[in-house]
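Read the structure below first, then the notes.
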Amino acid sequence: MTTAHLRVHRFDALRPGPRLIVVGGVHGNETCGSVALERLAADLDEGRVALARGTLTLVPVANPLARALGRREGDRNLNRMLRPTAIPRDNEDRIANRLCPLLAEHETLLDLHSFHTGGEPFAMLGPEDNDGPVETFAQAAREQAFAAALGAPRVVEGWLDTYARGVKRRRERDGAGAPHADPEYGVGTTEFLRSRGGAAVTLECGQHEDPRAPEFAYRATLRALAHLRMAEIGIEPAAPPREVLRLVEVFDRLHPGDRLARAWTSFEPVLAGEPIGLRHDGTPVAAPADGRVAFPNPNATVGAEWFYFAVPSPRRL
Numbered sequence: 167m168t169t170a171h172l173r174v175h176r177f178d179a180l181r182p183g184p185r186l187i188v189v190g191g192v193h194g195n196e197t198c199g200s201v202a203l204e205r206l207a208a209d210l211d212e213g214r215v216a217l218a219r220g221t222l223t224l225v226p227v228a229n230p231l232a233r234a235l236g237r238r239e240g241d242r243n244l245n246r247m248l249r250p251t252a253i254p255r256d257n258e259d260r261i262a263n264r265l266c267p268l269l270a271e272h273e274t275l276l277d278l279h280s281f282h283t284g285g286e287p288f289a290m291l292g293p294e295d296n297d298g299p300v301e302t303f304a305q306a307a308r309e310q311a312f313a314a315a316l317g318a319p320r321v322v323e324g325w326l327d328t329y330a331r332g333v334k335r336r337r338e339r340d341g342a343g344a345p346h347a348d349p350e351y352g353v354g355t356t357e358f359l360r361s362r363g364g365a366a367v368t369l370e371c372g373q374h375e376d377p378r379a380p381e382f383a384y385r386a387t388l389r390a391l392a393h394l395r396m397a398e399i400g401i402e403p404a405a406p407p408r409e410v411l412r413l414v415e416v417f418d419r420l421h422p423g424d425r426l427a428r429a430w431t432s433f434e435p436v437l438a439g440e441p442i443g444l445r446h447d448g449t450p451v452a453a454p455a456d457g458r459v460a461f462p463n464p465n466a467t468v469g470a471e472w473f474y475f476a477v478p479s480p481r482r483l
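Remember, this note's numbering sits 166 above the position in the sequence shown when you count from 1.
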């Protein structure tokens, strides 16, 4: 695979309509979205799926260097601090200078991912409509309907404001110049498009090696096309998500000896006071209330997010 360019499939229907972009392979070790989008591109080319309205853009491998290396990142995490820059310093900066303008041409984004611990697929949603300082937004109703149509059994919200609180603590602890302490470090593909007036959903399609994940990603993309009425597709409607969770806290790994108390899977229940992790000196890092462990990463780098804590959300899709 060449690492010198992005391969982009664009399909323009002869009738106007929505502008949807679907991205896979933002992280090189997450292949399910790439498999799904290559399959859909072939279906469109060979007439098994017909685009009736609008513009569909598919980016199967958004980070070719990370894919070629078979790891999450090329030089750094593409899905953090995603923004154009006048002087690109690394592989991900160069990708951002091409990917960000491409994203901004569209109204809706579906970003396909997978995760390293076990668990069910889930969708990540942006904030409710607001004019606050962290993530001003005015597309919540449209984004909620889009997320609910994709078939994920669980929806998660609260990413960027929780991440911003973690950044504030890092700056207080380690200084403004420390890694992961930039206030915009939590901005990825979806946050970028929301900042440009679009609606965007991250869909985590399963564990990295789960053979069901590419099929889930493919069917979710078909459901996205059907929901936006961009194609006439005979696919059963998605069951509504059975729960919505809100991220409320992030805990960083502070020492190489910090370890999780056990092999958590994402969204496992945890009781108030129950140890989720152990610091290198044996001090427990306990759940602040009854809730769920989210995104546990036993291999987190020192200074970065180690796991999140979530509780049921009152939000209804």
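Every residue gets a Cβ at the ideal spot worked out from N, C-alpha and C, and that includes glycine.
Taking a cut-off of 8 Å on C-beta distances, the region 380 to 387 touches the region 196 to 213, as three or more cross pairs fall below it.
Between Phe475 and Glu323, the alpha-carbon positions lie close to 12 Å from each other. Going by beta carbons, Ala438 and Asp418 fall outside the 8 Å limit. DSSP, reduced to helix, strand and coil, places Ser280 within a strand of the structure shown. For Asn296, the pairing in a beta bridge is given by DSSP as Phe303. Residues of the same chain with a CB within less than 8 Å of the CB of Arg320, apart from the 5 flanking positions on each side, are Glu286, Pro287, Phe288, Ala289, Pro407, Arg408, Glu409, Val410, Leu411 and Phe433 in chain order. Looking at the DSSP output, His175 shares a beta bridge with Leu224. Going by C-alpha positions, Leu268 is about 30 Å away from Gly332. Short of 6 Å from the beta carbon of Gly190, and not among the five residues preceding or following it, lie these beta carbons of its own chain, in chain order: Gly199, Ser200, Leu203, Pro226 and Leu278. Between Arg214 and the set Asp424, His446, Arg482 and Glu398, the nearest pair of CA atoms involves Glu398. Distances from the CA of Pro403 to each of Pro478, Gly317, Glu271 and Ile261 were compared; the closest alpha carbon is that of Gly317. An exposed status is given to Gly423, since fewer than 16 other beta-carbon atoms sit within 10 Å of its beta-carbon.
Taking 8 Å as the cut-off, the Cβ atoms of Gly236 and Asn263 do not count as close.
For the set Asp241, Ala365, Leu444 and Arg337, the Cα lying nearest the Cα of Leu291 is the one of Ala365. Separation of the CB atoms of Leu444 and Val451 is rounded to 7 Å, and the pair is thereby assigned contact status at 8 Å. Residue pairing by DSSP places Ala365 opposite Thr274 in a beta bridge.
Secondary structure at Val322: strand, using DSSP grouped into helix, strand and coil.
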